[in-house]
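Here's the structure we're looking at; comments come further down.
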Amino acid sequence: MKTAYEKLFKHFKFVDALEMKNRLAMGPILTYASRENGEISDIDLTFYEKRVGGVSTVIVGPAFITENGQVAHGQIGIHRDQVIRKLHQLTQMIHRRGAKAILQLSHGGRKCVEMKNKWQAISPSEKPHKRKGKKPVQMTERDIIYMVQAFGEATTRAMEAGFDGVEIDGGNECLLQQFMSRQANERSDSYGGSAENRFTFALEVIREVTRRAAHAGKPFIVGYTLAPKEKGYLGNKVEDTFEWIDRLVHTEIDYLHISALHEPTLSSEENRSLVSSIIKHVNHRVPLVGTGGLTATEVAEAFEKGLALITIEQALVVQPDWVEKVINSDEPASMDVTSLDKDVSLPPEVLAHWQDMHKNDRPY
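In this text, residue positions in the sequence shown follow full-length UniProt numbering: the first is 1, and each later residue adds one.
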């Protein structure tokens, strides 16, 4: 192993006594291979089994928390008790390989418009998503209360399935980010308008999830995915993100997962600048998780900026044994996900779908 990479393999311990064997985590990856009812498939199990070797943590998902929260066909669900049994098989396998398992909880909001004809998408306002086109239904206060409970119930199911924690998806243009966004949230009640009001829904979700987590009976961590910036003149700016971070660090979350290094609307240089400014603003008040890139050099550079854990996504799709290659110092200098032509434990149609999504810079 190269000296520059040695720090990546040092242990990390969260406040809640959950210890990670190194600083490398498998980030959330949509396989598009789960069953129509949200239950994980044997393809999913094989996909993860070939990739968990070497990492300390596996963030599974995104998993939709209600039936109308699905953003893609073949997405993992955590919306009902029937999915627990197969998810437990997954967490058992992850634990046998020496890693911790975290489940990312997500609801697509207005991104779910074209998924199925069984329902109409919901969102803080009736403003449609730029890619989906159709107008969503504005959530009532009763809908919001129900959704907060749904995040809580999903947390309980994750515990029963053997996960070591959950990650609340507050980025990726999903429902929580839609409430935070001036572009998507045009409400005039206590959930819209001012930044304080736009924070309300996410804070209620965090309180419910951490309340459930407190009764896990074992170390169980709660993370929050943060989108650091939005595109457009009405989009949230870095200053808005700093204000949100200042609220988040006073909640019961155990870490923040910043998604800047794989934000498709920003240039690589702007991403790096964003990450540096966020790390500086957080100032060790809460552990930060971030994405390191495709190569070991990029991952090491991200870690040196001050991130507690580094997530690896595309690199593990391309090279299931990526971590082992880093340890043996023979990992490739660069990798192209879209031109992949080797066996990566995905059926051809699923691989083609995955490549198409990432070729067009779409965050699932």
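Quick reminder that beta carbons are idealized off the backbone N, C-alpha and C, glycines included.
Keep in mind that this is a model prediction, so the values were computed, not measured.
Asked                                                                                                                                                                      : Found
Here's the rule: buried if 16 or more other CB atoms are within 10 angstroms of the residue's CB, otherwise exposed. What is residue 17?                                   : exposed
Could you check what DSSP says for residue 175 in three-state terms: helix, strand or coil?                                                                                : helix
By DSSP, does residue 89 sit in helix, in strand, or in coil?                                                                                                              : helix
Is it buried or exposed for residue 214, if we count other Cβ within 10 angstroms and need 16 for buried?                                                                  : exposed
Give the secondary structure of residue 3 by DSSP, where H, G and I count as helix, E and B as strand, and everything else as coil.                                        : helix
Can the beta-carbon of residue 23 be found less than 8 Å from the beta-carbon of residue 310?                                                                              : yes
Could you work out which residue in 255, 179 and 274 is closest to residue 285 when comparing CA atoms only?                                                               : 255
Which value, in whole angstroms, describes the spacing of the CA atoms of residue 368 and residue 108?                                                                     : Because the chain here runs from 1 to 364, residue 368 falls outside it and cannot be looked at.
For the stretch 135 to 142 against the stretch 81 to 96, are there 3 or more C-beta pairs whose distance is under 8 Å?                                                     : no
Report the three-state DSSP secondary structure of residue 341 (helix, strand or coil).                                                                                    : Any reading at residue 341 must be qualified, since the residue scores a pLDDT of 49, below 50, and its modelled position is unreliable; no value is offered.
Work out the CA separation of residue 78 and residue 66 for me, nearest whole Å.                                                                                           : 8 Å
Identify every residue that forms a DSSP beta bridge with residue 13.                                                                                                      : 19
Straight-line CA distance for residue 283 to residue 240?                                                                                                                  : 17 Å
Whose C-alpha, out of 323, 174 and 288, is nearest the C-alpha of residue 105?                                                                                             : 174
Using the Cβ count rule (16 or more neighbours within 10 Å means buried), how would you classify residue 185?                                                              : buried
Taking residue 249 as the reference, which of 74, 11, 207 and 19 has the closest Cα?                                                                                       : 207
In the DSSP assignment, what residue or residues form a beta bridge with residue 222?                                                                                      : 166
Skipping 5 residues on each side, what residues in its chain have a beta carbon closer than 7 Å to that of residue 238?                                                    : 228, 229, 274 and 277
Considering only C-alpha positions, which residue in the set 119, 176 and 220 is nearest to residue 155?                                                                   : 220
Return the chain-ordered list of same chain residues with a C-beta closer than 7 Å to the C-beta of residue 163, the five sequence neighbours on each side being excluded. : 91, 101, 102 and 103
Does the pairing of the stretch 55 to 74 with the stretch 21 to 39 give three or more beta-carbon distances under 8 Å?                                                     : yes
By the DSSP assignment, the alpha helix (DSSP H) with residue 150 in it spans what residues?                                                                               : 141 to 160
State the Cα-Cα distance for the pair residue 279 and residue 160, rounded to the nearest angstrom.                                                                        : 34 Å
Pull up the distance between the alpha-carbon of residue 6 and that of residue 170, whole angstroms please.                                                                : 32 Å
Less than 8 Å between the beta carbons of residue 318 and residue 223, yes or no?                                                                                          : no
Would you list the one or two residues that DSSP bridges to residue 73?                                                                                                    : Note: residue 73 sits in no beta bridge, so no partner.
Is the Cβ-Cβ distance between residue 195 and residue 8 less than 8 Å?                                                                                                     : no
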